[in-house]
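Using my numbering, you'd call the opening residue of the sequence shown number 2 and step up by one each time.
Glycine included, C-beta positions come from ideal geometry on N, C-alpha and C.
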Amino acid sequence: MTSSTTHPATFALGGDLTVHRLGYGAMQITGDGVWGPPADREGALAVLRAAVEHGVDFIDTADSYGPQVSEQLIHDALHPYADGLVIATKAGLTRTGPGVWPPVGRPEYLTQQVELSLRNLGVERIDLIQLHRIDPQVPLADSLGAFVELKEQGKVRHIGVSEVSLEELKQAQEITEIASVQNLYNLTNRQSQDVLDHATAEGIAFIPWFPIATGDLAKPDSPVADIARELGASPSQVALAWLLQTSPVVLPIPGTKSVDHLTENLGAAQLTLSAEDVARLDALA
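Below is the structure:
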């Protein structure tokens with residue numbers, strides 16, 4: 002093995018909210034199709050509490066998860082919140098049924114949803130509000146303008162965007178300061194590499210959703226499985242460790258309904274891949 006590649010344990014989100022780089026994504030704690038309450042409410046509350054007990058201080062959710070269910074569960078499990086716990090939420094996707102996510106970016110709708118998120122989460126200010134999707138029917142400046150007004154009112158601390166192209170991210174930056182970008186990115190899907198590169202250069206948090214996508218790569222004869230065996234780790238831990246070492250601005254948010262899986266995922270923060278390991282994984286793209 003060659004020498005290992007180290008990675009910083011924390012990131013200053015928006016320049017002033019220091020969080021551990023391995024967070025928790027709270028989408029899966031809702032019902033099937035991310036619709037309605039969870040089948041096991043107590044289990045969902047237990048996972049949220051376990052996450053914080055294990056040192057997670059960055060939780061990502063959205064008004065559309067449930068809808069509202071995820072935010073309400075976070076409140077019921079964790080309020081009053083521990084000092085330093087950062088909760089990010091999103092607005093811009095509405096729900097008309099299980100698995101259906103129409104984008105709505107009208108300023109009055111986004112303002113309404115942020116007000117609901119403040120109530121559901123039980124906070125006076127949202128640490129990070131993210132535009133869940135750009136609505137093609139609404140100018141981006143109008144959608145982000147709603148968040149800017151809320152920020153001026155003290156109801157929002159930082160603003161982010163989700164699932165954007167590099168051009169859209171740059172456009173957003175011309176409208177307001179962007180603290181984060183949340184795009185699909187993992188070992189098997191690196192279509193947002195240009196967005197990640199820009200985020201790295203700009204010091205913008207890059208939150209990869211669906212961070213664990215090992216799939217066929219986790220088969221017994223795969224490089225991911227080989228490295229996992231060599232390190233005494235799981236394929237999921239290897240996938241997360243690779244993300245953490247890809248860039249210092251990456252904040253993975255693996256989600257799960259299981260305390261055991263949560264504990265396994267968080268173990269990736271202690272896993273260090275060698276430069277050779279990283280090169281083998283980079284070659285999978």
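Burial is judged here by how many other beta carbons sit within 10 angstroms of a residue's own beta carbon; E164 has at least 16 and is buried. Inside the stretch 58-84, DSSP marks whole alpha helix (DSSP H) runs of 4 or more residues at positions 70-79, from first to last along the chain.
Taken through DSSP and simplified to helix, strand or coil, K220 comes out as coil. By the CB criterion at 8 angstroms, A180 and I205 fall inside the cutoff. Straight across, the Cα-Cα distance linking A78 with F211 is about 24 angstroms.
For I176, the enclosing alpha helix (DSSP H) begins and ends at 167-176. A direct Cα-to-Cα measurement between G32 and A40 gives close to 6 angstroms. Sixteen is the threshold: since fewer than 16 other Cβ atoms of the shown chains lie within 10 Å of the Cβ of P103, the residue is exposed. When DSSP reads this structure, G26 sits in a beta bridge with D61. Taking the Cα positions, V105 is about 16 angstroms away from S118.
The Cβ neighbour count for K220, taken over all protein chains shown within 10 Å, is under 16; the residue is labelled exposed. Judged by DSSP in its simplified three-state form, V124 adopts coil rather than helix or strand.
A straight line joining the alpha-carbon of Q131 with that of S259 spans about 26 angstroms. Per DSSP, the continuous alpha helix (DSSP H) segment holding A202 begins and ends at 194-203.
Ranked by how close their Cα comes to the Cα of T257, the residues V48, T19, V250 have V48 in first place. Taking one beta carbon from each stretch, the stretch 131-150 and the stretch 89-104 have 3 or more pairs nearer than 8 angstroms; the two touch.
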